[in-house]
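Have a look at the structure below, then the notes.
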Amino acid sequence: MKRGQEATAQYSELVSALRQIDVDWIVTEVEEVIARGKTVSFRNLSLEESALYESRLVEEVGRGIAVARAKPNDIIGVPYEPHERLALLVQAVERVIAASELARSSISKFASERGITSIELEIPAEGAAAITSGMRRVSLEISPFTNERLSILHHVLHDEVLS
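Here our numbering runs 149 ahead of the position in the sequence shown, where the first position is 1.
Below is the structure:
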């Protein structure tokens with residue numbers, strides 16, 4: 150598992166790649182989860198997390214904010230580590246791909262059972278004055294390479310990005 154700066158760099162690269170292919174909504178969803186942080190029992194804080202908690206407590210008390218000290222059984226929010234943020238993004242991408250392929254497979258099966266091999270989509274004309282529009286034919290048959298491509302992507306995400 151990549152850690153620290155290497156995980157942060159990989160996260161940034163993956164974010165950039167996702168934005169380039171117009172799926173930045175995945176990034177937005179993951180960053181909302183990251184912003185909330187993870188919840189852990191105060192008792193189970195790592196030394197680093199405990200030191201961060203103590204420094205924030207001292208800082209807030211120094212600014213005059215009344216703060217109650219957490220008890221061992223309290224559940225508190227802590228930031229995700231860089232490798233955890235990278236793992237969350239990779240898992241989100243995998244879930245989107247799996248859901249997309251499941252939907253495509255279901256549509257293909259439905260179409261196959263009814264003898265439909267493709268559909269034509271009308272591409273609306275741009276602008277108020279435009280009269281003509283285009284048509285696009287979309288195949289509803291599953292590519293025999295879909296599982297192979299998913300396996301390659303899984304390998305890249307896990308073996309190259311996360312390891």
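Each residue gets a CB set at the ideal place from its N, CA and C atoms; glycine is no exception.
Check the Cβ-Cβ distances between residue i and every residue of chain C, and say whether any is below 8 Å.
i    : result
A260 : No chain C is present in this structure, which holds just one protein chain.
Starting from the Cα of residue i, find the closest Cα among the options and give me that residue.
i    : options                : result
V216 : V164, R205, I224       : R205
E233 : I183, R168, V172       : I183
I291 : L235, G213, S267, L237 : S267
L194 : T157, D223, E269, V172 : D223
Excluding the 5 residues preceding and the 5 following residue i in the sequence, name in chain order all residues of the same chain whose CB lies nearer than 8 Å to its CB.
i    : result
E209 : V216
P221 : S190, F191, R192
Assuming residue i and residue j form a contact by the criterion Cβ under 8 Å, report the distance between their Cβ atoms to the nearest whole angstrom.
i    : j    : result
L235 : Q159 : 6 Å
E181 : A241 : About 11 Å separates the two Cβ atoms, so there is no contact after all.
Within the same chain, show all residues whose beta-carbon is closer than 6 Å to that of residue i, passing over the 5 residues directly before and after it, in chain order.
i    : result
I225 : F191, A219
I214 : none
A156 : P231, H232, L235
G186 : G226, V227, P228
Helix or strand or just coil, what does DSSP make of residue i?
i    : result
L270 : strand
I187 : Sequence check: residue 187 is Lys here, not Ile. Three-state result, K187: strand.
R205 : helix
Give me, in chain order, the residues of the same chain whose beta-carbon lies closer than 7 Å to that of residue i; leave out the 5 immediate sequence neighbours on both sides.
i    : result
S257 : L289, E290, I291
Just mark residue i as buried or exposed, buried being the case when its beta carbon has 16 or more other beta carbons within 10 Å.
i    : result
L251 : exposed
L163 : buried
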